[in-house]
Amino acid sequence: MIIRSYLKNYFFRVFLVNILAFVYLSDTYSFDFGFISIQSLIYSIHIYSLYFFIFFETISAFLSQYGLDFHFYKLILNNIFSLNYDYVAYILYENISIIYYLIFTTLIIFYLEKKKYGIDFKLKSYTIYQKFYLFSFIIAFILSNINPSLSHHSLIERIKGVTNMWTEIERNSSYDVKYYNQMVKNHFFRNENWFKTLKYTFIYSDSFPAGSKELMHIDDYKYFKNFEKLINQKKFDNIYIIINESYPNFRNQDLKNNLFQKIVQNNENLNIQKFKKKWNRSLTTQGSEMEFFCDKEVDFDEFKEKELNIFLNENNCWINNIKDKNFVYIHSYKESFFNRSRYKNFFYTSYFWEDLKKFGLSECIQKFSGICDHDIMDNMDMLLEEENNNFVIFLTVNNHIPVEPIIDKQYINCEKNFPLNLSKQFCIIYNNQMFFNESVSNFISRMKKNDLFVLFSDTPPMFSGKRRIHFEDTIDIYFISKI
Numbered sequence: 001m002i003i004r005s006y007l008k009n010y011f012f013r014v015f016l017v018n019i020l021a022f023v024y025l026s027d028t029y030s031f032d033f034g035f036i037s038i039q040s041l042i043y044s045i046h047i048y049s050l051y052f053f054i055f056f057e058t059i060s061a062f063l064s065q066y067g068l069d070f071h072f073y074k075l076i077l078n079n080i081f082s083l084n085y086d087y088v089a090y091i092l093y094e095n096i097s098i099i100y101y102l103i104f105t106t107l108i109i110f111y112l113e114k115k116k117y118g119i120d121f122k123l124k125s126y127t128i129y130q131k132f133y134l135f136s137f138i139i140a141f142i143l144s145n146i147n148p149s150l151s152h153h154s155l156i157e158r159i160k161g162v163t164n165m166w167t168e169i170e171r172n173s174s175y176d177v178k179y180y181n182q183m184v185k186n187h188f189f190r191n192e193n194w195f196k197t198l199k200y201t202f203i204y205s206d207s208f209p210a211g212s213k214e215l216m217h218i219d220d221y222k223y224f225k226n227f228e229k230l231i232n233q234k235k236f237d238n239i240y241i242i243i244n245e246s247y248p249n250f251r252n253q254d255l256k257n258n259l260f261q262k263i264v265q266n267n268e269n270l271n272i273q274k275f276k277k278k279w280n281r282s283l284t285t286q287g288s289e290m291e292f293f294c295d296k297e298v299d300f301d302e303f304k305e306k307e308l309n310i311f312l313n314e315n316n317c318w319i320n321n322i323k324d325k326n327f328v329y330i331h332s333y334k335e336s337f338f339n340r341s342r343y344k345n346f347f348y349t350s351y352f353w354e355d356l357k358k359f360g361l362s363e364c365i366q367k368f369s370g371i372c373d374h375d376i377m378d379n380m381d382m383l384l385e386e387e388n389n390n391f392v393i394f395l396t397v398n399n400h401i402p403v404e405p406i407i408d409k410q411y412i413n414c415e416k417n418f419p420l421n422l423s424k425q426f427c428i429i430y431n432n433q434m435f436f437n438e439s440v441s442n443f444i445s446r447m448k449k450n451d452l453f454v455l456f457s458d459t460p461p462m463f464s465g466k467r468r469i470h471f472e473d474t475i476d477i478y479f480i481s482k483i
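Under our numbering, the letters of the sequence shown match residues 1 to 483, in that order.
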């Protein structure tokens with residue numbers, strides 16, 4: 001009888017902690033991989049361990065939503081009296097479903113434990129005060145599912161995903177459905193957020209954690225500060241700047257090194273300088289361009305609105321001082337995107353999608369369809385009117401997420417390599433970049449001895465915060481020339 005009662009309580013705990021997590025945490029990283037928590041089968045054995053892991057899962061869910069690991073808590077503890085508590089309150093408000101998970105799961109389990117999971121459904125047996133508390137709790141529980149964090153929307157999306165109940169319009173015309181299916185596994189079992197966050201904290205312990213204060217202390221020789229000084233360190237014939245849309249800077253160093261080795265393969269006697277740079281989370285790719293053009297603090301709103309030549313003049317930007325080069329701007333997407341047509345008054349020559357099509361370059365079909373970046377790289381010389389006096393800025397687009405495969409070739413077995421095996425999008429963006437880096441390698445081999453190549457690995461891929469934990473929180477910049 002005792003064993004039977006214990007098993008009943010145990011299975012109630014497992015059911016409650018999983019169903020309430022599904023209701024309130026369905027948008028967190030853990031639920032991308034399944035539904036029933038493996039860990040809950042263990043910690044539900046004892047009530048106090050259950051309480052602990054409910055709390056642990058709550059704080060881990062916050063980290064998970066923003067792609068952070070447990071190293072982030074060092075930053076909090078070291079600055080506990082300097083935190084912006086208005087912003088902390090905003091974060092809690094934005095993720096209030098996580099707070100609801102903690103409150104309702106704890107209270108429901110506490111109540112049922114007290115009742116030994118024996119619930120009396122006869123209202124006559126309750127006092128007027130008990131009825132008041134019971135109805136108040138039920139109303140609060142219902143209202144908690146209509147909350148500012150829109151957790152009920154993710155719940156509906158999750159149900160549609162597992163049952164394939166998308167509408168015909170969603171199924172046929174929505175990119176979101178396709179990429180949801182590429183990101184979400186929907187297995188039966190899953191690991192909880194605390195388990196995954198703890199795991200990634202150890203896996204990525206040798207890389208800069210998101211939000212790390214260490215980023216403030218990168219050595220000067222590693223931390224990039226001055227474009228002008230490096231570009232003007234000698235009189236180069238041609239300077240080629242590649243601003244690589246969504247370069248997949250994985251925190252997995254093997255994957256990252258493979259990407260770079262693909263750039264330098266079959267090239268000998270190269271002078272390579274590597275730098276790190278922080279990126280502004282509030283800015284788009286245009287922020288990378290602005291920081292390159294000026295390399296100092298300027299007003300981004302003004303930059304977006306004004307003609308580029310006027311903006312550079314008014315802010316005395318360093319690039320405006322280079323008078324002896326043929327300035328060429330290339331973007332494989334539309335000039336209307338972020339109103340980049342305003343660049344034309346500064347650059348001597350500019351090529352956008354419509355211009356590049358006239359050269360017979362191929363088109364890569366994506367959500368952001370544009371001219372194939374590798375085709376531009378392979379035919380760069382055809383686009384340049386001068387031979388030894390060019391300053392080229394090429395902004396790519398093909399890896400703008402969500403992405404489609406550019407080629408069928410697989411450079412790596414994604415299923416056997418972490419974190420590429422977590423989603424098809426991770427795999428596609430990696431293979432696309434490897435293919436483009438091959439074209440970069442071939443281009444470097446064609447460069448003259450007095451040319452400079454700069455790869456600017458734009459802002460990290462703009463996956464949702466919960467998936468960003470697998471990417472570095474810095475930008476890499478490579479300066480490559482021949483010795």
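Each residue gets a CB set at the ideal place from its N, CA and C atoms; glycine is no exception.
These figures come from a predicted structure and were not determined experimentally.
request  = Would you mind giving the Cβ-Cβ distance between Val397 and Gly370, rounded to the nearest angstrom? I have them listed as a contact below 8 Å.
outcome  = 4 Å
ask   = By the 10 Å Cβ neighbour count, where 16 or more other Cβ atoms means buried, how is Thr474 classified, buried or exposed?
value = buried
7 Å CB neighbourhood of Tyr343 in its chain, flanking five on each side removed = Leu308, Tyr329 and Ser350
message = Taking DSSP's pairing of strands, which residues face Lys277 in a bridge?
response = Ile475
request  = Report the option in Lys416, Phe62, Ile2 and Trp279 whose CA atom is closest to the CA atom of Ile477.
outcome  = Trp279
task = Could you please give the first and the last residue of the uninterrupted alpha helix (DSSP H) stretch that includes Asn193?
result = Asn193 to Ile203
Ser40, enclosing alpha helix (DSSP H) - first and last residue = Ser40 to Tyr43
request  = Check each candidate in Leu452, Asn389, Arg190 and Asn432 and name the one with the smallest Cα separation from Ile407.
outcome  = Asn432
ask   = Going by the CB atoms, is the gap between Val162 and Asn193 shorter than 8 Å?
value = no
key: Phe391 - partner residues in DSSP beta bridges   = Ile239 and Phe327
task = In angstroms with no decimal places, state the Cα-to-Cα distance between Ser26 and Leu155.
result = 6 Å
Reference Asn271; option with closest CA among Tyr87, Tyr126 and Lys449 = Lys449
Cβ neighbours of Gln273 in the same chain (closer than 6 Å, five flanking residues each side left out) = Phe479
Assumed close pair Tyr117, Lys8 - CB separation to whole angstroms, cut-off 8 Å = 6 Å
query = Since His470 contacts Arg251 with CB under 8 Å, what's their CB separation in whole angstroms?
reply = 6 Å
query = Helix, strand or coil: which one does DSSP assign to Asp219?
reply = Unreliable placement is indicated for Asp219, whose pLDDT of 43 sits below 50; the coordinate value is still reported in the next sentence. Residue state, collapsed to three classes: coil.
query = Out of Glu113, Glu314 and Ile243, which has the shortest C-alpha to C-alpha gap to Phe292?
reply = Ile243
query = So, do the stretch 378-395 and the stretch 313-330 have three or more beta carbon pairs nearer to each other than 8 Å?
reply = yes
task = Could you say which of Asn267, Ser362, Phe418 and Tyr430 lies nearest to Phe443 if we only look at CA atoms?
result = Asn267
Residue from Gln130, Tyr87 and Phe137 with nearest C-alpha to Phe104 = Phe137
task = Would you check if the distance between the CB atom of Phe62 and the CB atom of Ile98 is smaller than 8 Å?
result = yes
task = Using DSSP bridges, identify the partner residues of Tyr351.
result = Ile330
request  = Starting from the Cα of Asp381, find the closest Cα among Phe463, Ser441, Lys409 and Met447 and give me that residue.
outcome  = Met447
message = Distance check for Leu92 and Ile310, CA to CA, integer angstroms please.
response = 43 Å
ask   = Using DSSP with H/G/I as helix, E/B as strand and the rest coil, what is Ser97?
value = helix
task = Starting from Leu50, trace the beta strand (DSSP E) both ways and give me its first and last residue.
result = Per DSSP, Leu50 belongs to no beta strand (DSSP E); it is in the alpha helix (DSSP H), Ile47 to Gln65.
message = Restricting to Cα atoms, I'd like to know which of Tyr29, Met434 and Glu157 is closest to Ser60.
response = Tyr29
ask   = Going along the chain, which residues of its own chain have a beta-carbon closer than 6 Å to the beta-carbon of Ala210, five neighbours each way excluded?
value = Note on Ala210: pLDDT 48, under 50, position unreliable in the model; the coordinate value appears next. Closer than 6 Å at the Cβ level, and outside the excluded window around Ala210, lie Gly67, Leu68 and Asp473.
task = Pick out whichever of Cys372, Leu20 and His374 has its Cα sitting closest to the Cα of Tyr101.
result = Leu20
Pairwise C-alpha distance: Ile428 and Asn413 = 11 Å
key: Three-state secondary structure assigned by DSSP to Ser341   = helix
query = Looking at the structure shown, is Gly370 part of a helix, part of a strand, or coil, going by DSSP?
reply = strand
Reference Leu259; option with closest CA among Met434, Phe188, Lys229 and Asn145 = Met434
inquiry  = Could you tell me the alpha carbon to alpha carbon distance between Tyr200 and Val177, rounded to whole angstroms?
reply    = 27 Å
request  = Under 8 Å by Cβ, that's how I've got Asp451 and Ser481 pegged, so tell me the actual separation to the nearest angstrom.
outcome  = 7 Å
inquiry  = Quick check on Asn320: does DSSP put it in helix, strand or coil?
reply    = helix
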